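Protein chains in written order, with this note's numbering: chain V, 1 to 193; chain A, 1001 to 1193. Think of the CB as a built atom: it goes at the ideal place given N, C-alpha and C, for glycine as much as any other residue. The structure presented is a predicted model; accordingly, all values stated were derived computationally and were not measured. Structure first, then comments.
Number of protein chains: 2
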Amino acid sequence: MTIETLNRKDQINQVAQNLFRERGYAATSMRDLAKAIGIEAASLYSHIKSKEELLQNICFRIANEFFDEYDRVQNGTTDPKLRFRHAVTAHTRVVASNLDASSVFFNEWRHLNEPSLTEFKKQRADYEERFKALLKEGIETGVFRQVQVSFAMRLVFSTLNGIPTWYRPDGALSPDQIAEQIADFLLEGLLNK
Amino acid sequence: MTIETLNRKDQINQVAQNLFRERGYAATSMRDLAKAIGIEAASLYSHIKSKEELLQNICFRIANEFFDEYDRVQNGTTDPKLRFRHAVTAHTRVVASNLDASSVFFNEWRHLNEPSLTEFKKQRADYEERFKALLKEGIETGVFRQVQVSFAMRLVFSTLNGIPTWYRPDGALSPDQIAEQIADFLLEGLLNK
DNA sequence: CCTACCGATCGGTAGG
DNA sequence: CCTACCGATCGGTAGG
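In structure tokens form, the structure reads like this:
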């Protein structure tokens, strides 16, 4: 594999991320993708195997980033409040640094075929369990209120996974800044107490 | 228009809501829809004008429900904290009572064509402004913390609009119960203070 | 990376 | 509500 085809392959993946996010996977044709790159649709298949392979690459790459970043920030931290805060900022960092790909991860995974679909759901459930464990830890140590763990986990992820719907990297807030503010919001709420 | 075709039309709209939610608008064919009902695809067009008309009906019906329910609960309330709480519970009630349709409203609106697309965005922006006004009111009266209004509004809607991803009506919590708990979560946060 | 092409499927219409 | 059908477009392959 030459350097030229490697670069072209990266370009295909990047443009696919953007189109899948903007129009949705099903509404994006391979001809749309080829046109955005400037080649013929048939030429795409010199670099990739199928349309679904593009979706798989996006979904599992982001899944890996979530796990890697989580492990990185949890390493050595024991304080429940800080552990939760680090998990939130790690997740936010991955989302804010991969807006196209994370949007596809959140919204287009249902178009995966088996066995990828089952594997995807499994990894997502494993990741969610990590956040549930953090919430449980915080409640048992009295740091968090007596919330229902599964319910709180869903609300936390709703907040975090909604980031691509409004965050613009050219805006006033950097990824680290929104990560801090989202953590504050989840921990403190809106009330002035 | 006979009673039979009216019922059939309602049935088409209801099944379309469900399929558009489960598979996405673009990935749902008119043949899928017809098959789920038990008629031929061509027969759908005795009751509806086009596939997009189905999407328009869903999106604008839900938009109207959001406005109507908001107006209903705000009527007469002046306390900032209560006004916000009522807005959250009203929104949650509409979502939890229309899980299929509200999912389509949140995720499939981009498939609307002009001029519906512009009209949809306008109505959504108007609705969001109402929540921003409530947040601003709460901050100015010292009830809420000094959060950035636009940012807080986005986080609130992320939480509320994520409901269809996890809420199951056959679960332990009723729509009114989750509405209360979500309002608590948004106001109080996670910390045990 | 292209031209040429494949069978399948799409939203929708004509006519009854 | 059906049969029969339309032109357009889909993901992908053969062969160079």
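Can you name the start and end residues of the alpha helix (DSSP H) that residue i belongs to?
i, result
"A:HIS1187", "As written in the sequence, residue 1187 of chain A is Leu, which differs from the His given in the question. From DSSP, the alpha helix (DSSP H) with A:LEU1187 extends over 1175 to 1188."
"A:TYR1127", "1116 to 1140"
"V:GLU37", "The sequence shown places Ile at residue 37 of chain V, not Glu. 30 to 37 is the extent of the alpha helix (DSSP H) around V:ILE37."
"A:TRP1109", "Where A:TRP1109 is concerned, there is no enclosing alpha helix (DSSP H), given that its DSSP letter is neither H nor E."
"V:ALA27", "No alpha helix (DSSP H) holds V:ALA27; DSSP gives it neither H nor E."
"A:PRO1164", "1163 to 1166"
Note down the Cα distance separating residue i from residue j, rounded to an integer number of angstroms.
i, j, result
"A:ASN1161", "A:GLU1040", "35 angstroms"
"V:LYS121", "V:LEU134", "20 angstroms"
"A:THR1089", "V:SER43", "52 angstroms"
"V:THR78", "V:ARG61", "28 angstroms"
"A:GLU1114", "V:VAL156", "35 angstroms"
"V:GLU180", "V:SER174", "10 angstroms"
"A:GLN1056", "A:ASN1107", "13 angstroms"
"A:LYS1136", "V:ALA172", "19 angstroms"
"V:ILE102", "V:LYS132", "Looking at the sequence shown, residue 102 of chain V is not Ile but Ser. Rounded to the nearest angstrom, the two C-alpha atoms are 21 angstroms apart."
"V:TYR127", "A:ASN1075", "43 angstroms"
"V:ARG110", "V:LEU187", "31 angstroms"
"A:ALA1063", "A:ASN1192", "36 angstroms"
"V:ARG72", "V:HIS91", "11 angstroms"
"V:ILE178", "V:GLN148", "26 angstroms"
"V:GLU140", "A:LEU1190", "13 angstroms"
"A:SER1046", "A:ILE1012", "11 angstroms"
"V:PHE185", "A:PHE1105", "26 angstroms"
"A:ASP1032", "A:GLY1138", "48 angstroms"
"V:ARG8", "V:ASP100", "18 angstroms"
"V:LEU112", "V:VAL95", "20 angstroms"
"V:GLN123", "V:ILE58", "14 angstroms"
"A:THR1159", "A:TRP1166", "11 angstroms"
"V:ARG23", "V:ASP170", "22 angstroms"
"V:ASP176", "V:ARG93", "7 angstroms"
"A:VAL1199", "A:ALA1027", "With chain A covering 1001 to 1193 only, the question about residue 1199 of chain A has no answer from this structure."
Applying the 10 Å Cβ sphere with the 16-neighbour rule, what's the burial state of residue i?
i, result
"V:ALA183", "buried"
"V:PRO164", "buried"
"A:MET1001", "The predicted model places A:MET1001 with a pLDDT of 47, which falls under 50 and marks its position as unreliable, so this point remains unresolved."
"V:TYR25", "buried"
"V:THR118", "exposed"
"V:GLU129", "exposed"
"A:ALA1125", "exposed"
"V:ARG21", "buried"
"A:GLN1017", "buried"
"A:PRO1080", "buried"
"A:SER1097", "exposed"
"V:SER29", "exposed"
Item to check | Completely contained alpha helix (DSSP H) runs for the region 42 to 105 of chain V, where each covers 4 or more residues | outcome: 51 to 74 and 80 to 97
Checklist entry - Are three or more beta carbon pairs between the region 1080 to 1098 of chain A and the region 1137 to 1155 of chain A nearer than 8 angstroms? => result yes
Checklist entry - Three or more beta-carbon pairs under 8 angstroms between the region 152 to 159 of chain V and the region 41 to 55 of chain V, yes or no? => result no
Item to check | Meets three-Cβ-pair contact criterion under 8 angstroms: the region 1066 to 1075 of chain A and the region 1027 to 1036 of chain A | outcome: no
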